[in-house]
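Residue numbers (this note's numbering), protein chains in the order written: chain A, 2 to 386; chain B, 2 to 386.
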């Protein structure tokens with residue numbers, strides 16, 4: 002186990018009716034920037050509820066709405082202008098990971114003189130940020146309890162994850178009921194996203210982080226148990242609650258501490274996101290099985306056996322490669338059972354930019370579980386064209 | 002899954018050499034009360050290292066040493082007098098759970114006019130506390146990352162756990178190397194303590210907290226995997242590291258959130274501690290198997306099967322009572338394999354105070370997994386006389 006530093010002061014208010022705790026936002030000032038996406042929070046009545054609470058608290062609020070999935074640097078710039086203009090004290094994100102990610106960088110850009118994209122490219126330049134509070138409506142990214150934010154610049158075709166401890170939300174409201182209206186397809190993509198975060202932490206060359214490996218398996222089993230339940234019954238509270246909390250735990254440090262390594266599938270998928278604006282979790286689901294098959298080797302087969310036995314309940318006796326391959330097949334079959342696309346062509350991606358994307362991600366995957374060169378990335382993309 | 006509120010701002014610096022981060026204590030003031038136990042931290046050189054760092058930081062420090070296992074209210078009173086007399090800014094605990102627990106209540110009592118025991122009896126009266134920092138030297142209580150403190154009053158024969166969010170350490174230093182010198186017997190007691198915390202969270206009547214149940218199983222498997230390794234090789238870093246981190250996670254909320262219930266074995270053991278001053282983990286190891294056997298019923302057998310299958314790897318096919326009983330037998334055999342005592346007589350306890358203790362703990366166990374009356378507690382004590 003490697004040394005680690007755990008520092009996640011974010012408070013979580015979890016469960017039905019947790020929105021009543023939003024009044025804690027008053028500790029952070031009087032002037033709020035409300036960041037949200039398109040119409041979904043209005044349809045479910047959450048927007049009105051939030052406005053009612055802010056009004057009761059006699060807070061002034063300004064609005065950055067219409068934040069896209071794969072949130073764009075343009076939205077961030079717009080939000081930071083609003084903060085500066087209105088002297089905003091606290092940024093309130095109401096939505097999924099994209100909205101929260103956008104709000105985080107807005108909070109930093111509000112106190113920065115230069116262009117917000119500079120902070121994404123070099124997050125060390127984030128030396129101060131407005132406090133961020135979030136109300137989560139989608140189980141997927143885990144942004145509600147960490148310091149990460151992924152922002153896309155379609156002009157430069159870059160989708161980049163920035164991290165700063167200053168971006169961690171002060172508190173997050175997590176009411177599983179808010180995720181009842183998430184569509185079947187987006188729910189499945191969220192499950193794939195949670196599993197991918199967990200797998201990126203699970204497949205590590207670091208030895209002896211036993212607790213963390215078992216925790217990763219716990220989250221994978223949670224997704225495998227509740228994924229099929231939730232897509233048949235979108236309003237199943239127990240399933241929604243477990244998936245929502247698993248989404249947070251997959252990426253708040255608990256599963257990566259002491260065994261952290263560079264990620265592999267995310268950099269590959271970020272290229273797809275930057276070129277094609279596809280749903281993040283869908284791209285991860287497509288790329289995970291071919292990545293697994295590609296990195297399976299004498300060095301990694303042991304870890305795949307561990308995965309097959311502990312997560313998929315495979316019999317540990319037998320040929321290790323056989324167990325490993327069956328574990329990968331089961332992972333692929335699981336994604337398919339959630340009706341997730343399994344090829345790039347299904348999401349409208351052909352070979353036009355493959356070489357460019359493979360080149361772009363080379364330098365980002367060097368430190369992954371198995372280092373991937375340009376050729377490796379190409380092979381993984383081509384395996385699922 | 003029940004609603005929950007997670008709020009643990011404690012920072013953790015984990016791993017070999019983590020003591021270098023102790024200089025962060027300077028953020029909390031200039032005057033330190035150093036709380037420690039008997040000689041062990043001096044023998045391993047940790048005392049000198051801490052003093053060196055405090056001197057380098059030019060901090061004034063005062064000392065409360067000789068804190069006992071089962072820390073006494075007298076030590077707390079003594080510490081609070083020192084804080085008041087010297088205008089202490091921050092309380093630094095260097096030791097195991099007993100030292101940290103003592104330091105926490107000292108930190109609260111330092112800002113309280115009445116007697117410290119009043120705060121233990123009614124922790125709601127803790128409205129302010131000095132900041133607490135800890136350097137952990139024993140994997141067991143998890144006190145390094147929560148707001149709990151257990152203090153004993155031998156005068157009134159009470160051992161009571163107090164909780165306040167104000168008692169959470171600001172940061173904790175966790176270097177597994179500091180636990181290398183913990184004796185074989187105390188290490189085994191620590192493993193039993195971690196398992197007992199986890200089991201108290203695992204056996205809950207709350208349904209549908211799937212993630213938390215899997216996390217509990219992860220920690221139990223960690224103890225079962227590394228317990229036998231560490232008692233044969235006390236300086237095994239990997240084992241010490243995993244057990245140390247498991248000890249924290251067993252009781253920092255991650256495993257109990259959303260499924261919290263009253264505890265059962267701890268109140269029974271706190272009576273033994275208050276009357277006989279035995280090692281906490283030893284008492285828990287003795288009482289866990291008879292408690293399990295006693296509460297096994299048609300209502301609980303399903304949970305015991307889950308425990309047997311997921312933790313002990315038992316075959317799920319077969320008679321549920323048979324699986325449950327085998328799981329309990331395996332738990333008992335595991336404690337025995339660590340050379341932990343399995344009867345009260347082995348630790349010098351006879352039937353003299355049994356009735357008194359059973360009466361005392363009645364009101365404390367009402368909300369446990371299975372409510373226990375006086376008669377029930379008596380039966381459990383008598384089963385292991």
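All C-beta atoms, glycine included, are put in the ideal place defined by N, C-alpha and C.
Can a CB atom of chain B be found closer than 8 Å to the CB of residue i?
i             : result
residue 243/A : yes
residue 387/A : Coverage of chain A is limited to positions 2 through 386, which leaves residue 387/A absent and any answer about it impossible.
residue 312/A : no
residue 223/A : yes
residue 339/A : no
residue 220/A : yes
residue 87/A  : no
residue 2/A   : yes
Going along the chain, which residues of its own chain have a beta-carbon closer than 6 Å to the beta-carbon of residue i, five neighbours each way excluded?
i             : result
residue 190/B : 280, 282 and 283
residue 211/B : none
residue 163/A : 121, 124 and 150
Which residues in the same chain have their Cβ closer than 8 Å to the Cβ of residue i, if we skip the five residues on either side of it in sequence?
i             : result
residue 342/A : 283, 286, 287 and 348
residue 19/A  : 174, 175 and 176
Mind checking which residues open and close the beta strand (DSSP E) that includes residue i?
i             : result
residue 37/A  : 32-37
residue 153/B : 149-154
residue 61/B  : 61-65
residue 136/B : 133-137
residue 174/B : 172-175
residue 369/B : Unbroken run through residue 369/B: none, as it is neither H nor E.
residue 15/A  : 12-15
Starting from residue i and walking both ways along the alpha helix (DSSP H), at which residues does that stretch end?
i             : result
residue 323/A : 321-338
residue 363/B : 355-363
residue 201/B : 185-203
residue 100/A : 98-110
residue 245/B : 238-250
residue 85/B  : 74-87
residue 307/A : 302-311
residue 275/A : 266-277
residue 6/B   : Where residue 6/B is concerned, there is no enclosing alpha helix (DSSP H), although the beta strand (DSSP E) it sits in stretches over 5-7.
residue 160/A : Looking at the DSSP string, residue 160/A is not in any alpha helix (DSSP H); the run it does join, the beta strand (DSSP E), is 159-164.
residue 219/B : 211-233
residue 1/B   : Residue 1/B lies beyond the stretch modelled for chain B, which goes from 2 to 386, so this question has no answer here.
residue 284/A : 281-296
residue 384/A : 375-384
Near residue i, which residues of its chain fall below 7 Å by C-beta distance, leaving aside the five closest residues on each side in sequence?
i             : result
residue 158/B : 275 and 276
residue 322/B : 302
residue 386/A : 344, 345, 346 and 352
residue 237/B : 230 and 231
residue 222/A : 312
residue 31/B  : 60, 61 and 90
residue 272/B : 358, 361 and 362
residue 145/B : 101, 135, 137, 170, 173, 175 and 249
residue 392/B : Any property of residue 392/B remains undetermined from this structure, which presents chain B solely from 2 to 386.
residue 291/A : 381, 384 and 385
residue 390/B : Residue 390/B lies beyond the residue range present for chain B, which begins at 2 and ends at 386; the question has no answer from this structure.
Does the beta carbon of residue i sit closer than 8 Å to a beta carbon anywhere in chain A?
i             : result
residue 247/B : yes
residue 239/B : yes
residue 5/B   : yes
residue 358/B : no
residue 137/B : no
Compile a chain-ordered list of the residues in the segment 186-218 of chain A whose CB is closer than 7 Å to at least one CB of chain B. The residues in question are 209, 211, 212, 215 and 216.
Quick one: any contact between the segment 124-140 of chain B and the segment 86-103 of chain B, if contact means 3 or more CB pairs under 8 Å? yes
Near-chain B residues of the segment 47-59 of chain A - C-beta to any C-beta below 7 Å: none
When you check each C-beta in the segment 148-175 of chain A against every C-beta of chain B, which residues fall closer than 9 Å? Contact residues of the segment 148-175 of chain A toward chain B are 172 (C-beta to C-beta distance below 9 Å).
Within 9 Å of chain B by C-beta, residues of the segment 8-34 of chain A in sequence order: The segment 8-34 of chain A vs chain B, Cβ under 9 Å: 8, 9, 10, 11, 12, 13, 14, 15, 16, 17, 18, 19 and 22.
Residues within the segment 249-281 of chain B neighbouring chain A, beta-carbon criterion of under 8 Å: 250, 255, 258 and 259
Would you say the segment 35-49 of chain B touches the segment 65-83 of chain B, given that touching needs at least three Cβ pairs under 8 Å? yes
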